[in-house]
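Quick notes on the structure that follows.
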Amino acid sequence: MSAATNNHRWRWLTAGAVAVSLLAFILLIALLGWQGMRYFWPHPVTLYTVQQASGTSQLLGEVAQSQSVSRQQLQASGRPLPADLPDEVTRYLIKTGNRDFAASDFQSILSSQIVASEQPTGVIALQRRSGGMAWGWFEGLLENGQPLVARNMMRALQQRIKQSRLHMSQADNIRRVSMAKLNAELEELDQHQHRLREKNQYTAQAQSIHQADSSELQRQFAAKAQQLDELTSEGSSTVLILRDAQGQRHNIPLSQILSAWYPNAMSYGEKWRQFVWQVWHFISGTQNDSIGEGGIFPAIFGTVLMVLLMSVVVMPLGVVAAIWLHEYAGNGLLTRLVRIAVVNLAGVPSIVYGVFGLGFFVWLTGGSLDKLFFADALPNPTFGTPGLLWASLTLALLTLPVVIVATEEGLSRIPKTLRQGSLALGATQAETLWHVTLPLAVPAMLTGLILAVARAAGETAPLMLVGVVKMVPELPIDAVFPYLHLDRKFMHLGFQIYDLAFQSPDAQADRPLVFATALLLVVIILALNLLAMVLRHRLRERYRALMN
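If you read the sequence shown in full-length UniProt numbering, its first letter stands for residue 1, the second for the next number, and so on.
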């Protein structure tokens, strides 16, 4: 068999492997996109008249799932069946919404139970801040207990919802910025008073100054609190009257409504606009009672910030370690042991790194920092508790072997003649390293960074021990000095996927959000990797002439 034939077969085998990998990735994206994005599409709502043992009843909702089942399968489930049930029927899973009105978000009915079905054009869909979706008939608006009259009630409702969203945004800004700053100033004032007492310098003059400053800050805080109450009450003064399928009327404050639309009377363009709005709200909104009713922006922000902090820590450590191993350490026993240790660390399970981070970074290092610099705040820990800093350091330690190996391989590919030529021209070893060797190894360093980001962004197990939580009251970055709060806990997309899939009290309703969140995590990892790959390509082209 000739060498040309072998090369031809290897080329086809390599091309086939690449094609299979690309196909698998495309199928993964397609699955996540289809299962996740359809959640945000405004589906039609059907009104069913259902025959039950107690009589007929009406059921209003979306068809979440349908499947054909046999009579034997239904009998095996222990469900009482009528005598005239066909051998095969269709079982519908109906998303009924109205979680606070009805017993469950979902109900299962058989096609043999359906007496009649229709899609009334007057049904309204309400996306709420808490309580899930609500469906029914729009009966009117009440403002301060009085009926609100308008020529076009739906247009008036949309205007009031926009106004309510604006008031909620203003209230959130007051809570997160203005009141947070005043709280920080009050805490700093109390700490200053405590320090003066410890030094026996809390004189009558100091006490008078402290009382005056504290009174002014409390006055400003009370004014902001009053403004916040006014904005909140304005959103709650107007309520929507919703009539459900059973004819009962419910009052829903407009402050709880994010969006309203007629799902059975929308044009194709209106459906697309509503779809884009819901996707944008999911990406940019802050989280409320659950990830589906709020937004996922805090988790996106926490994931990206943690990866950036991890990269800032792991790249210098990994590059310096690789330089020492390849350029200075030689090939002695110690060097071989270090390389073996690096390779073995790459295979350690991630949860072990989480346990190490909890013990070393959080309890030992963080506890020591609290005793040295934050003794006034004890027994409440500052850095002696899981947070963003310790999570970033833990993942930096986890991905350190990847960066070391990739950088050292890049250093080994640089021809020795370049180093020898630089030394022959009178450059020192340090100058050769800085001006010749490292620039040529930058693409390999970025390759290590790409691999590190891809692994760190998807890790969940160690983060559960060193800082990630389901919900956070504030982001790690705000308007209060020092602006970046490394001691705070944070949210992460990987943990949100785990929580939605296994810890959600309404797993059936949140299942599409598992796919949507997973798709978002894959897109973020892909974007970070593409950014590093573009930078690597530009640097590689810049130094290609020098390599030749």
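C-beta: ideal position from N, C-alpha, C; glycine also.
Out of Leu305, Gly131, Val343 and Gln278, which has the shortest C-alpha to C-alpha gap to alanine 322?
-> Taking the sequence shown and counting its residues from 1, one reaches residue 322 at position 322. Measuring from the Cα of alanine 322, the nearest candidate turns out to be Val343.
For isoleucine 291, is the classification buried or exposed, using 16 other Cβ atoms within 10 angstroms of its Cβ as the cut-off for buried?
-> One-based indexing of the sequence shown puts residue 291 at position 291. Any reading at isoleucine 291 needs caution, since the residue's pLDDT is 48, under 50, leaving its predicted position unreliable; the model's value is listed next. Classification of isoleucine 291: buried, given that the 10 Å Cβ count is 16 or more.
What's the gap between the Cα of leucine 327 and the Cα of threonine 335?
-> Residue 327 sits at position 327 when you count from the first residue of the sequence shown. Residue 335 sits at position 335 when you count from the first residue of the sequence shown. Note on identity: in this sequence residue 327 is glutamate, with leucine being the wrong assignment. So the two alpha carbons sit approximately 11 Å from each other.
Kindly indicate which three-state DSSP category isoleucine 29 falls into: helix, strand or coil?
-> Taking the first residue of the sequence shown as 1, we reach residue 29 at position 29. Of the three classes helix, strand and coil, the one that applies to isoleucine 29 here is helix, per DSSP.
Residue(s) in a DSSP beta bridge with phenylalanine 106 = The count along the sequence shown starts at 1 and reaches residue 106 at position 106. Beta-bridge pairing by DSSP links phenylalanine 106 to Lys95.
8 Å Cβ cutoff, glutamine 274 in contact with chain D = As a matter of chain content, chain D is missing from the structure shown, which is built from one protein chain.
Residue environment, proline 476, which counts as buried when at least 16 other CB atoms sit within 10 Å | Your numbering for residue 476 matches position 476 in the sequence shown. Buried, because 16 or more other Cβ atoms sit within 10 Å of the Cβ of proline 476.
Looking at the structure shown, is methionine 471 part of a helix, part of a strand, or coil, going by DSSP?
-> What you label residue 471 is simply residue 471 of the sequence shown in a count that begins at 1. Coil at methionine 471, not helix or strand.
Classify leucine 521 as buried or exposed, calling it buried when 16 or more other Cβ atoms lie within 10 Å of its own Cβ.
-> Position 521 of the sequence shown, counted from the first residue, corresponds to residue 521. It is buried - the Cβ of leucine 521 has at least 16 other Cβ atoms within 10 Å.
Supposed contact pair valine 453 and serine 311 - C-beta distance, whole angstroms, cut 8 Å = Taking the first residue of the sequence shown as 1, we reach residue 311 at position 311. Taking the first residue of the sequence shown as 1, we reach residue 453 at position 453. Right, their Cβ atoms sit about 7 Å apart.
Shortest alpha-carbon distance to methionine 471 belongs to which of Tyr92, His250, Lys489 and Pro439?
-> In the sequence shown, the residue the question calls residue 471 occupies position 471. The option with the nearest alpha carbon to methionine 471 is Lys489.
Where the beta strand (DSSP E) through threonine 238 begins and ends | Taking the sequence shown and counting its residues from 1, the one referred to as residue 238 is at position 238. Run containing threonine 238: 238 to 243, per the beta strand (DSSP E) assignment.
Whole alpha helix (DSSP H) runs in the stretch 254 to 307 with 4 or more residues, listed along the chain?
-> 268 to 284
Hey, how far is the Cα of leucine 364 from the Cα of aspartate 487?
-> On the sequence shown, position 364 is the one that residue 364 refers to. On the sequence shown, position 487 is the one that residue 487 refers to. Each residue's alpha carbon lies about 15 Å from the other.
Apart from the five residues just before and just after methionine 179, which ones in its own chain have a Cβ nearer than 6 Å to its Cβ?
-> The sequence position of residue 179 within the sequence shown is 179, counting from 1. So the qualifying residues of the chain are Lys224.
The stretch 418 to 430 touching the stretch 365 to 384, judged by at least three CB pairs closer than 8 Å | no
Contact set for leucine 217: own chain, Cβ-Cβ below 8 Å, skip 5 residues either direction = In the sequence shown, counting from the first residue as 1, residue 217 sits at position 217. Leu182, Glu185, Leu186 and Leu189, listed in sequence order.
Between the C-alpha atoms of alanine 150 and leucine 240, what's the straight-line distance to the nearest angstrom?
-> Counted from its first residue, the sequence shown places residue 150 at position 150. Counted from its first residue, the sequence shown places residue 240 at position 240. Near 14 Å, if we compare the C-alpha coordinates of leucine 240 and alanine 150.
With a CB to CB cut of under 8 Å and the five nearest residues on each side skipped, what residues in its chain are close to leucine 388?
-> One-based indexing of the sequence shown puts residue 388 at position 388. Counting only Cβ-Cβ distances below 8 Å, and skipping sequence neighbours, we find Gly302, Leu305, Met306, Leu309, Gly467, Pro476, His485, Leu486, Asp487, Arg488, Lys489 and Phe490.
Pull up the distance between the alpha-carbon of proline 381 and that of arginine 511, whole angstroms please.
-> Position 381 of the sequence shown holds residue 381. Position 511 of the sequence shown holds residue 511. Approximately 37 Å, taken between the alpha carbons.
What are the boundary residues of the alpha helix (DSSP H) that leucine 411 is part of?
-> Taking the first residue of the sequence shown as 1, we reach residue 411 at position 411. Counting along the chain, leucine 411 sits inside the alpha helix (DSSP H) bounded by residues 388 to 412.
Residue from Val442, Trp434 and Val402 with nearest C-alpha to arginine 413 = Numbered from 1 along the sequence shown, position 413 holds the residue referred to as residue 413. Selected option, being the one with the closest Cα: Val442.
Residue(s) in a DSSP beta bridge with leucine 60 = Here residue 60 refers to the residue found at position 60 of the sequence shown. Answer by DSSP bridge pairing, in chain order: Leu47.
Only counting runs of 4 or more residues, tell me where the alpha helix (DSSP H) segments fall wholly within the stretch 344 to 392, in order along the chain.
-> 350 to 356 and 367 to 373
Could you tell me the boundaries of the alpha helix (DSSP H) in which valine 466 lies?
-> Taking the sequence shown and counting its residues from 1, one reaches residue 466 at position 466. Start and end: 463 to 466.
Confirm, please, whether the CB-CB distance from valine 115 to alanine 137 is below 8 Å.
-> In the sequence shown, the residue the question calls residue 137 occupies position 137. In the sequence shown, the residue the question calls residue 115 occupies position 115. Per the sequence shown, residue 137 should be read as tryptophan rather than alanine. It is not a contact, given that the beta carbons lie outside the stated cut-off.
Rank Gly421, Gln220, Gly410 and Glu459 by C-alpha distance to the C-alpha of isoleucine 525 and give the top, closest one.
-> Numbered from 1 along the sequence shown, position 525 holds the residue referred to as residue 525. Closest option to isoleucine 525, Cα to Cα, is Glu459.
Name, in chain order, the residues that DSSP records as bridge partners for threonine 90.
-> As a working mapping, residue 90 is identified with position 90 in the sequence shown. Note: threonine 90 sits in a beta bridge opposite Ser68.
Taking only the alpha-carbon atoms, compute the straight-line gap between glycine 347 and leucine 463 and give it to the nearest angstrom.
-> Here residue 347 corresponds to residue number 347 of the sequence shown, with the count starting at 1. Here residue 463 corresponds to residue number 463 of the sequence shown, with the count starting at 1. Near 18 Å, if we compare the C-alpha coordinates of leucine 463 and glycine 347.
Please confirm whether any heavy atom of the ligand NAP lies closer than 7 Å to the CB of phenylalanine 515.
-> The ligand NAP is absent from the structure shown, which contains no ligand whatsoever.
Below 8 Å, can you find three or more Cβ-Cβ pairs linking the stretch 443 to 452 to the stretch 398 to 408?
-> yes
Could you tell me whether the stretch 62 to 72 touches the stretch 87 to 95, where touching means 3 or more Cβ pairs closer than 8 Å?
-> yes
Specify, as a first and last residue, the run of the beta strand (DSSP E) that phenylalanine 138 falls within.
-> Mapped onto the sequence shown, residue 138 falls at position 138. Phenylalanine 138 -> beta strand (DSSP E) spans 133 to 143.
Going by Cα to Cα distance, which pick from Thr517, Tyr353 and Leu254 is closest to alanine 134?
-> Locating residue 134 in the sequence shown gives position 134, where the first residue counts as 1. In terms of CA proximity to alanine 134, Leu254 leads the group Thr517, Tyr353 and Leu254.
Have a look at Arg540, Val352, Ser237 and Glu408 and flag the residue whose alpha-carbon is nearest the alpha-carbon of alanine 461.
-> As a first step, residue 461 is located in the sequence shown; it is residue number 461 there, counting from the start. Answer by Cα proximity: Val352.
What whole-angstrom Cβ distance do phenylalanine 106 and glutamine 278 have, given they're in contact under 8 Å?
-> Residue mapping note: residue 106 aligns to position 106 of the sequence shown, counting from 1. Residue mapping note: residue 278 aligns to position 278 of the sequence shown, counting from 1. Not confirmed; about 20 Å, so no contact.
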